[in-house]
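In the working numbering, the protein residues as written are 315 to 1304.
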């Protein structure tokens, strides 16, 4: 039981059990990292808000877009190749296993062809939208199989495909890192300790720590949403194997020192844990605090570094318990086959640097200042936010991405989308006009290449939907109307002129004369009839009334003459009237009847005249012709009655004609007046239409001509419904406006443009009917802008928290504010210097003129959290020697000489572990590795200089004479301390 406790067998059993549990309960790390390890921005940033609106627009479905790329490296795509591409796209559309949401190809329409076929005609794209609930790896593979085309290079790319390939590349890089790091550590430990067991045991203890901590982190991520990233496992490997090996070196070195002094294995193990273990605990606690401080970061990607804190905590437990079993059990055999336990105890380099600094402090510090100035103040740190640059060009998604960059405008690979969510449907004239204004506004923004929306689905204006075109149609119609009005005016003027020249007054006077003649005719006829009656009555008394007969004959002759004259006048008037009223249908029939009556009158007068003439000439033969007169008297009476009847009819007709002519004259006067008024009215109408036409033409030329207007019937037309379906949600309350920038969507330049566009759009909508709508811009450029803002702001915040935590830990360890601040300052200067050198090396060796956006952050936490170890190693040794070396200068020189070997060995191992990241082919890991390696080199060189200078300047009471005297009396002082422990403690230790 005593051996069980002294040999620390219980910790061995516990750790073996935990290893078995961890091995059997480890989740699928690869899938877990793919599901939860991507960069996740806060839910309140614009790109995330846009993604939520997009999801709502798609009916709650999460979708992703795959880009199929076809390229003919020998020249333009042939017609046959275009047909083959169309066939491949059709196969994708009809494949039920792909669960296609939508496919946009060059064969859809002219607008799509313009967007998807490169200007040089060598490359064509197809945009494939699929549900994101299925694995992107399987979807990519299926699409790749479908689009294989003889004679063409085919690729599938897109944001999710690039992320998937990045995860796969990181995973492969991790496997390389693990193997290279294990081999490197094994070789270095063999060189340092000249032992085969030390490397095996060190790798075993660190490996156990890694397995258990990885199990804890991944299970926490799977069950409780613990933050992880693509780099969590990688950094667990390099940190645990790096500092774990460093801590083992420190522990084994102290154990070897105690064994050399003759202690037993159990006692040496206890002493090593008490002294070196305390240093390890302090150092590990600082690292633990540094990584734990990341839990306070708002950015989940930064918080993923907390997983390393879990690993460090497990590592400390394993190293300070399981190592006790190996040291207590194996003892001196731990260093087999080496027999020289005193080898490599002192560092010549650190001894020289510390000693020279103590002798020439200002010279050494001046050299450091001069060397640091160009590193701190030369150059600028513009960061690369393009995640595609993380991948090697040999990856198929990166190859497709490169083709898009080469053959298309810079922004084509990552269009941006403005989402507008309103409480009311947006498919009304008012909102459509607002959307079109926003579309035009975006088109006018600097850096925007093209814009497409519901009102401009092809990226260009549909002229018929704007007032300029509609007003042109209207003004053309008004021009035609004005021409018609002028023709009508001309016709009215001609009619008015003819009416004016018809001289109705003269015709009316003639009709009046006719009426007067007709009246006289009727009167004469009546007189004739009366005379004939008298004549007939007196025929029988002819003989006796010859005198009366003579008078009657005279009257008859006179009446016949008047009748003859009136008849001629009447006939002449009727003929004139008939010619003048030939065009007046209303009077034509009446005049005809009047002419008939006049003819009958003339006929009667003719017969009468033919009878009276013989009567007059045979008056003298009256007596002889009395019998003949008796015979003709009946005919004479009949003729007279006919004349009387005809004259009455003529008079009535002429009177009617007279009244009609008077009415006609009044109507013609009214018609003339109406024509004159109509012509004047048309002149006013013409003037009005000309004014309106001029106004509309001015409006057409003004900014109002660009106003969008769509009638309600057109909005509901089947043609426009296609555009509504493409750019609006089903309930028409969400619309999108897609635009392409003329710069790479992942660059800082594009991010700055998105910020400007966001401000401008919000200002534009502030005074519109969409001022209460939710507006957000999504897409790669928006994500880059949000990532840049989130990463930069949280970086400063996290760095401040981390430095405060490590500073407090350093004050506790060193018990000195000055030493803590000196160490923190050294680490900060080292970080900036290493970062600048890494930028130079990246530019000339990696051909990358910018650091990736997460390189500064990970480099900082690695350098500060891990670099603080070496300072603690040195200062803990400095504290431990306080009781044996009272002179602070001698003490810091001795501490630097002794601990220098450990620090240099630890730096080599840690640097080599990070160097194992370089073959990973992941740019961030390569740049972080270079930064850490450069930083470790800087620390190894500067740490003995800075700490020695700090100690000398902190204790001014130790002058050169005292220092020389202490050197002269060193041997005697050490002998006295050996016989009687020195209880004096310097002021600093107190």
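All C-beta atoms in this analysis are idealised placements derived from N, C-alpha and C, irrespective of residue type, glycine included.
Rounded C-beta distance between residue i and residue j? I'm assuming under 8 Å.
i	j	result
residue 376	residue 436	Their Cβ separation, rounded to whole angstroms, is 34 Å, which puts residue 376 and residue 436 out of contact at 8 Å.
residue 766	residue 1023	No, residue 766 and residue 1023 are not in contact; Cβ-Cβ is about 20 Å, not under 8 Å.
residue 597	residue 1183	4 Å
residue 637	residue 519	6 Å
residue 1235	residue 706	5 Å
residue 704	residue 1062	Going by Cβ atoms, the distance from residue 704 to residue 1062 rounds to 16 Å, so no, they are not a contact pair.
residue 714	residue 1186	Actually they do not touch by this definition, with Cβ atoms about 49 Å apart.
Examine the ligand COA and report whether any of its heavy atoms sits within less than 6 Å of the Cβ of residue i.
i	result
residue 595	The ligand content of the structure shown is nil, which means the ligand COA is not present either.
Look at the alpha carbon of residue i and the alpha carbon of residue j, and state the distance between them as a whole number of angstroms.
i	j	result
residue 1066	residue 523	44 Å
residue 446	residue 379	9 Å
residue 328	residue 718	56 Å
residue 1233	residue 498	14 Å
residue 1056	residue 536	41 Å
residue 675	residue 1127	25 Å
residue 1179	residue 1120	8 Å
residue 1247	residue 1069	37 Å
residue 710	residue 470	7 Å
residue 369	residue 1135	50 Å
residue 1240	residue 1222	17 Å
residue 393	residue 421	12 Å
residue 1101	residue 355	7 Å
residue 1167	residue 1112	15 Å
residue 1267	residue 1201	14 Å
residue 990	residue 1005	23 Å
residue 486	residue 403	33 Å
residue 561	residue 594	6 Å
residue 477	residue 542	15 Å
residue 583	residue 1212	20 Å
residue 374	residue 1220	53 Å
residue 1306	residue 384	The structure shown does not extend to residue 1306, since the chain spans only 315 to 1304, so no value can be given for it.
residue 1032	residue 789	29 Å
For residue i, count neighbouring Cβ atoms within 10 angstroms of its own Cβ and tell me buried if that reaches 16, exposed if not.
i	result
residue 1207	buried
residue 319	exposed
residue 566	buried
residue 683	exposed
residue 321	buried
residue 411	exposed
residue 720	exposed
residue 700	buried
residue 513	buried
residue 1045	exposed
residue 398	buried
residue 750	buried
residue 1305	In the structure as shown, the chain begins at 315 and stops at 1304. Residue 1305 is therefore absent and cannot be evaluated.
residue 1122	exposed
residue 1051	buried
residue 324	exposed
residue 1081	exposed
residue 505	exposed
residue 680	exposed
residue 1079	buried
Quick one: is residue i near chain B, going by C-beta distance under 7 Å?
i	result
residue 1119	Among the protein chains of the structure shown there is no chain B, as only one such chain exists.
Exercise. Within the chosen definition, does the segment 566 to 585 reach the segment 623 to 631 through at least 3 CB pairs nearer than 8 Å?
Worked result: Output reads no: the segment 623 to 631 does not touch the segment 566 to 585.
For this session: Would you list, in sequence order, the uninterrupted beta strand (DSSP E) runs of no fewer than 3 residues that lie entirely inside the segment 1007 to 1084?
Result: For the beta strand (DSSP E) assignment, the uninterrupted runs of no fewer than 3 residues enclosed by the segment 1007 to 1084 are, from N- to C-terminal side, 1048 to 1055.
Exercise. Which runs of the alpha helix (DSSP H) fall wholly inside the segment 1193 to 1246 and span at least 4 residues, in chain order?
Worked result: Runs found: 1202 to 1229.
Exercise. Which parts of the segment 533 to 572 are runs of the beta strand (DSSP E), unbroken and 3 residues or longer, counting only runs that do not cross its ends?
Worked result: Counting only runs of at least 3 residues, the segment 533 to 572 fully encloses no beta strand (DSSP E) element at all.
For this session: Kindly confirm or deny that the segment 1106 to 1119 and the segment 598 to 613 touch, where touching means at least three C-beta pairs closer than 8 Å.
Result: Result yes; three or more Cβ-Cβ pairs closer than 8 Å.
For this session: For the segment 636 to 723, list the alpha helix (DSSP H) runs that are entirely contained and at least 4 residues long, ordered along the chain.
Result: Entirely contained in the segment 636 to 723, the alpha helix (DSSP H) runs reaching 4 residues are, in chain order, 636 to 644, 662 to 673, 675 to 691 and 710 to 721.
Exercise. Any chance the segment 1219 to 1234 sits against the segment 1092 to 1109, with 3 or more Cβ pairs inside 8 Å?
Worked result: Segments in contact, no.
For this session: Mind the definition here: the segment 516 to 530 touches the segment 331 to 347 only if three or more C-beta pairs lie below 8 Å; say whether that holds.
Result: Touching, per the Cβ criterion.
For this session: Spell out a yes or no on whether the segment 422 to 434 and the segment 453 to 462 are touching, meaning 3 or more CB-CB pairs, one atom from each, closer than 8 Å.
Result: Two segments are said to touch when three or more pairs of C-beta atoms, one from each, lie closer than 8 Å; by this definition the segment 422 to 434 does not touch the segment 453 to 462.
For this session: Mind the definition here: the segment 733 to 740 touches the segment 1083 to 1099 only if three or more C-beta pairs lie below 8 Å; say whether that holds.
Result: Under the three-pair Cβ rule at 8 Å, the segment 733 to 740 counts as touching the segment 1083 to 1099.
Exercise. Considering only residues of the segment 461 to 490, which uninterrupted alpha helix (DSSP H) runs meet the minimum length of 4 residues and lie entirely inside it, listed in chain order?
Worked result: Correct list: empty.
Exercise. Pairing CB atoms from the segment 1146 to 1157 with CB atoms from the segment 1241 to 1260, are three or more of them under 8 Å?
Worked result: Output reads yes: the segment 1241 to 1260 touches the segment 1146 to 1157.
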